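Novice: Residue numbers (the working numbering), protein chains in the order written: chain A, 1 to 278; chain B, 279 to 556.
Glycine included, C-beta positions come from ideal geometry on N, C-alpha and C.
Note that the coordinates shown come from a computational prediction; the quantities given were computed from them, not determined experimentally.
There are 2 protein chains.
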Amino acid sequence: MNMTAAPAVEPRHGLGLDWNTSGPGELRRRIRAGRYSGHTGGLARGYVQANLAVLPAAYADEFARFCQRNPKPCPLLATSEPGSPRLPELAADLDLRTDLPSYRVFRNGEPDGDVASIGDLWQDDFVAFALGCSYSFEEALVDAGLSLRHWNDGSVCPMYLTDIECAPAGRFHSRLVVSMRSFTPADVIRAVQITSRYPRVHGAPVHLGMPERIGIENIERAWQGDDPVVAPGEMPVFWACGVTPQVALRAARPHIAITHTPAHMLVTDVRNASLAVG
Amino acid sequence: MNMTAAPAVEPRHGLGLDWNTSGPGELRRRIRAGRYSGHTGGLARGYVQANLAVLPAAYADEFARFCQRNPKPCPLLATSEPGSPRLPELAADLDLRTDLPSYRVFRNGEPDGDVASIGDLWQDDFVAFALGCSYSFEEALVDAGLSLRHWNDGSVCPMYLTDIECAPAGRFHSRLVVSMRSFTPADVIRAVQITSRYPRVHGAPVHLGMPERIGIENIERAWQGDDPVVAPGEMPVFWACGVTPQVALRAARPHIAITHTPAHMLVTDVRNASLAVG
Chain A
1 MNMTAAPAVE PRHGLGLDWN TSGPGELRRR IRAGRYSGHT GGLARGYVQA
51 NLAVLPAAYA DEFARFCQRN PKPCPLLATS EPGSPRLPEL AADLDLRTDL
101 PSYRVFRNGE PDGDVASIGD LWQDDFVAFA LGCSYSFEEA LVDAGLSLRH
151 WNDGSVCPMY LTDIECAPAG RFHSRLVVSM RSFTPADVIR AVQITSRYPR
201 VHGAPVHLGM PERIGIENIE RAWQGDDPVV APGEMPVFWA CGVTPQVALR
251 AARPHIAITH TPAHMLVTDV RNASLAVG
Chain B
279 MNMTAAPAVE PRHGLGLDWN TSGPGELRRR IRAGRYSGHT GGLARGYVQA
329 NLAVLPAAYA DEFARFCQRN PKPCPLLATS EPGSPRLPEL AADLDLRTDL
379 PSYRVFRNGE PDGDVASIGD LWQDDFVAFA LGCSYSFEEA LVDAGLSLRH
429 WNDGSVCPMY LTDIECAPAG RFHSRLVVSM RSFTPADVIR AVQITSRYPR
479 VHGAPVHLGM PERIGIENIE RAWQGDDPVV APGEMPVFWA CGVTPQVALR
529 AARPHIAITH TPAHMLVTDV RNASLAVG
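Structure below.
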């Protein structure tokens with residue numbers, strides 16, 4: 001007997017959950033209780049995960065307008081009542097102060113550390129925004145049989161800053177950030193078809209091939225995420241990325257703002273499949 | 279007064295029709311009466327035009343199977359009863375012996391001349407097949423604001439013989455023929471979205487970029503149609519082409535077969551928009 005063999009199914013982060021079948025409510029309860037603080041990618045499979053942005057009311061209207069004008073990078077799923085940490089259309093029990101595994105605090109547009117809850121930072125004038133995230137369309141791609149390299153090798157999807165200016169709104173402005181996934185031409189066509197059905201989670205690609213046409217001078221060097229591998233016979237495909245509103249948020253320099261920590265998302269009770277159109 | 283000035287709206291082929299508004303029924307009646315024998319492209323706008331193939335019953339089952347197995351190049355819109363020159367689901371008054379402006383006769387798989395009607399060639403065992411045609415999805419592309427170079431300059435869309443083998447059926451076999459249209463990357467994405475809605479008229483592209491990956495060694499030389507112009511910043515996009523079943527028909531070498539003459543299509547009462555899914 002080999003005493004050093006790893007268990008056949010290793011409990012992720014020692015939680016002992018069956019990660020493939022646990023629902024989003026159970027995951028949120030564990031996070032709320034301080035029992036899980038890791039990445040959410042691949043957890044509560046089948047359910048929408050969202051980007052979070054929390055802003056003082058004096059900035060919220062402009063941010064909402066920025067999202068409305070740039071729906072591909074900023075697909076708004078839900079907006080809270082001012083002062084309320086609830087988004088009942090995403091989950092009845094959701095408490096935005098405790099239910100994300102990690103939060104990033106920004107002061108005057110600069111990151112000022114990550115925290116496990118934001119109850120002590122919450123303000124009566126905070127407005128929360130939940131924005132669609134690529135996890136949803138990536139799940140649809142994988143369910144359709146397409147292969148995502150960064151899912152397979154555990155890397156972070158490469159992201160690039162383009163030369164495409166988003167429509168500004170008040171103090172919020174940014175160039176478009178895109179994420180890149182590469183496929184064979186036949187799978188590029190499938191990827192356009194599949195992600196077109198999900199406009200609330202970035203939707204169809206914004207560009208394919210020809211990275212230089214959107215201001216990407218060296219595709220081998222990611223601006224964020226890991227450097228890509230584009231195999232021979234593959235074409236790079238670019239989707240609008242949820243990092244875009246974070247760049248706009250930094251530009252607006254609110255005295256305080258809070259987002260999720262990258263990869264530590266807001267887990268909702270909304271099914272990915274329910275977002276599909278067509 | 280300039281006596282040599284052309285009329286503001288020149289009657290096409292001297293017919294005096296208002297070609298933009300005449301319906302398909304009026305066009306068929308004029309063709310049936312021998313008063314029009316030209317191209318049908320751009321006429322009876324909004325209505326489906328179809329490829330025609332007429333075969334003896336001894337070949338019809340195999341051809342039907344070839345179409346079923348290769349729906350992208352051979353999207354079957356309608357099949358006649360044996361011996362009947364009617365396809366009532368395409369037009370109540372349609373008579374396949376007279377209603378196309380020109381027919382091509384094949385004997386033992388080789389073209390044997392074009393004729394204006396096929397009443398004297400019609401056999402009791404003939405089965406007619408109407409197959410979807412790219413005119414329908416091209417109209418959808420143009421209606422969505424995309425620009426088709428061969429529409430603008432009056433050239434014939436370039437076609438290529440690929441190295442992709444279609445699924446054979448009996449004596450029918452062919453490599454896949456594709457038509458090519460080029461667009462900017464953003465319009466490539468739109469073109470995939472739009473044509474995906476029209477599976478009965480070739481549907482989504484089968485390939486994009488990388489012509490060498492489907493056996494096209496020199497994209498500058500079309501196999502049929504005019505040589506292409508692909509502008510800088512454009513990407514070639516390839517659709518399965520209705521010339522494919524004609525190649526298969528020639529391979530099968532039936533003692534007699536009849537098709538439309540290229541660009542002289544079967545004009546139907548079915549609206550293009552009615553074919554859209556999603």
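1) Near His428 of chain B, what residues of its chain come up, given a Cβ to Cβ distance below 6 Å and the 5 sequence neighbours on each side ignored?
2) Could you tell me which of B:Thr357, B:Ser412, B:Gln471 sits nearest to His480 of chain B, measuring between CA atoms?
3) To which residues does DSSP link His538 of chain B through a beta bridge?
4) Give every residue of the same chain whose Cβ lies closer than 7 Å to the Cβ of Leu553 of chain B, excluding the five residues on either side of it in the sequence, and list them in chain order.
5) Are Leu55 of chain A and Pro228 of chain A touching if we call contact CB-CB under 8 Å?
6) In this structure, what does DSSP give as the bridge partners for Thr79 of chain A?
7) Pick out the complete alpha helix (DSSP H) segments inside the stretch 303-351 of chain B, 4 residues or longer, and give them in chain order.
8) Quick check: is the beta carbon of Leu561 of chain B nearer than 8 Å to any beta carbon in chain A?
9) Distance, Cα to Cα, Gly25 of chain A vs Asp95 of chain A?
10) Considering Asp93 of chain A, what are the terminal residues of the beta strand (DSSP E) in which it resides?
11) For Asp504 of chain B, which of helix, strand or coil comes out of DSSP?
12) Is the CB of Ser196 of chain A under 8 Å away from at least one CB in chain C?
13) Any beta-carbon of chain A closer than 8 Å to the one on Pro463 of chain B?
14) Taking 8 Å as the threshold (beta carbon to beta carbon), is Leu141 of chain A in contact with chain B?
15) Can you name the residues that DSSP bridges to Met513 of chain B?
16) Across the stretch 344-357 of chain B and the stretch 441-454 of chain B, are there enough close Cβ pairs to call them in contact, namely three or more that are closer than 8 Å?
17) Under 8 Å Cβ-Cβ, which residues of chain B neighbour Met204 of chain A?
18) I'd like to know whether the C-beta of Met458 of chain B is nearer than 8 Å to at least one C-beta of chain A.
19) Cα separation between Leu305 of chain B and Asn430 of chain B?
20) Taking three-plus beta-carbon pairs below 8 Å as touching, is the stretch 530-545 of chain B in contact with the stretch 464-476 of chain B?
21) Among A:Asp143, A:Thr259, A:Ala128, A:Ala222, whose alpha-carbon lies nearest the alpha-carbon of Ala58 of chain A?
22) Which of the residues in the stretch 205-219 of chain A, read from start to end, lie with their CB under 9 Å from any CB of chain B?
23) Check whether the Cβ of Met437 of chain B lies closer than 8 Å to any Cβ atom in chain A.
24) Shorter than 8 Å from the beta carbon of Gly423 of chain B to some beta carbon of chain A?
25) Between the C-alpha atoms of Ala186 of chain A and Gly145 of chain A, what's the straight-line distance to the nearest angstrom?
26) For the beta strand (DSSP E) holding Arg271 of chain A, just list the boundary residues, first then last.
27) Using the three-state DSSP reduction, which class does Ala204 of chain A fall into: helix, strand or coil?
28) Contact between the stretch 91-105 of chain A and the stretch 116-126 of chain A is defined here as three or more beta-carbon pairs at a separation below 8 Å; is this criterion met?
29) What are the residues that DSSP puts in a beta bridge with Leu161 of chain A?
30) Show which residues of chain B have a CB atom less than 7 Å away from the CB atom of Gly278 of chain A.
31) Any idea which residues DSSP pairs Ala240 of chain A with across the strands?
32) Please go through the same chain and pick out, in chain order, the residues whose beta-carbon is closer than 6 Å to the beta-carbon of Gly387 of chain B, but skip the five residues on each side of it.
33) In whole angstroms, what separates the C-alpha of Ile492 of chain B from that of Ser460 of chain B?
34) Which residues in chain B sit within 8 Å of Met265 of chain A, going by Cβ to Cβ distance?
35) Using a Cβ-Cβ cut-off of 8 Å, state whether Gly511 of chain B counts as contacting chain A.
36) Is Asp153 of chain A helix, strand or coil by DSSP?
Specialist: Quick answer:
1) Cys435
2) B:Ser412
3) B:Tyr381
4) Val326, Ser414, Tyr476, Arg478, Val479
5) no
6) A:Phe129
7) 335-347
8) For residue 561 of chain B there is no data in the structure shown, the boundaries of chain B being 279 and 556.
9) 12 Å
10) From DSSP, Asp93 of chain A is part of no beta strand (DSSP E); its letter is neither H nor E.
11) coil
12) As a matter of chain content, chain C is missing from the structure shown, whose protein chains are A and B.
13) yes
14) no
15) B:Phe461
16) yes
17) A small correction: the amino acid at residue 204 of chain A is Ala; Met does not occupy that position in the sequence shown. Residues of chain B passing the Cβ test: Ile467, Gln471.
18) no
19) 23 Å
20) no
21) A:Ala128
22) Pro205, Val206, His207, Leu208, Gly209, Met210, Arg213, Ile214
23) no
24) no
25) 12 Å
26) 266-271
27) coil
28) yes
29) A:Val177
30) Gly556
31) A:Val178
32) Arg528, Arg531
33) 16 Å
34) Simply none; closest approach about 26 Å.
35) yes
36) helix
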